[in-house]
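> First the structure, then my questions, so here it is.
There are 2 protein chains.
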Amino acid sequence: MARPKRPPSDTRKIFGERVRTERYARQLTLEDLAEKASMNWSYIAQIERGERNISIDNMTALADGLGVPLRDLL
Amino acid sequence: MARPKRPPSDTRKIFGERVRTERYARQLTLEDLAEKASMNWSYIAQIERGERNISIDNMTALADGLGVPLRDLL
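Listed below in structure tokens is the structure:
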């Protein structure tokens with residue numbers, strides 16, 4: 054797509070912070086959540102820091118792994 | 054990541070339907086929204102049909118283009 058690049062969204066950072074907050078609230082390690090969400094723990098660490106442009110399917114897997122509605126992470 | 058593949062999430066479909074609903078409510082064409090969101094119109098058409106695993110940055114751009122909070126599209 055020949056469109057100008059947008060900077061990373063603030064939403065990434067908000068999403069990552071909420072994932073971490075909910076993970077801590079459930080006393081889950083990155084490895085625990087990785088297992089529940091069928092995802093790599095180091096990828097989740099990057100998400101929590103807002104470093105990755107996560108997809109809707111992976112956002113859904115994290116929300117499901119945490120047991121919260123996805124909209125509550127945004 | 055050597056993990057089993059997950060099927061496409063239902064969230065994709067819900068997100069796409071809500072984008073279309075909000076776009077219609079504002080009487081915007083795909084081209085109008087594409088312009089506002091700095092995105093290709095054919096990509097938005099695929100999103101509305103739930104065919105693409107859209108990223109959080111593109112979800113944010115669509116929500117901003119529609120003028121709705123992202124959480125309202127989920």
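Protein chains in written order, with the numbering used here: chain A, 54 to 127; chain B, 54 to 127. Heads up, the beta-carbon is just placed ideally off N, CA and C, and yes, glycines get one too. These numbers come from a predicted model, not from an experiment.
Tell me the residue span of the alpha helix (DSSP H) that contains glutamine 160 of chain B.
Because chain B in this structure spans residues 54 to 127, residue 160 of chain B falls outside the shown range and cannot be described.
> I want to see whether chain A comes within less than 9 Å of aspartate 85 of chain B, judged by CB atoms only; does it?
no
> Please work out which residues of its chain come closer than 8 Å, Cβ to Cβ, to arginine 36 of chain B, disregarding the five sequence neighbours upstream and downstream, and give them in chain order.
Residue 36 of chain B falls outside the range modelled here, since chain B spans only 54 to 127, and no answer is possible.
> Report the rounded CA-to-CA distance for aspartate 125 of chain B versus glutamate 84 of chain A, giving the unit in angstroms.
30 Å
> Restricting to runs no shorter than 4 residues, where is the alpha helix (DSSP H) found entirely within the region 56-115 of chain A?
63-78, 83-90 and 94-101
> Show which residues of chain A have a CB atom less than 8 Å away from the CB atom of alanine 114 of chain B.
Arg59 and Ser62
> Just checking, does the region 113-121 of chain B make contact with the region 74-83 of chain B on the three C-beta pairs under 8 Å criterion?
Contact between the region 113-121 of chain B and the region 74-83 of chain B is present, because at least three Cβ pairs lie under 8 Å.
> Run the CB neighbour count on serine 62 of chain B, radius 10 Å, all protein chains shown included, and call it buried at 16 or more, exposed below.
buried
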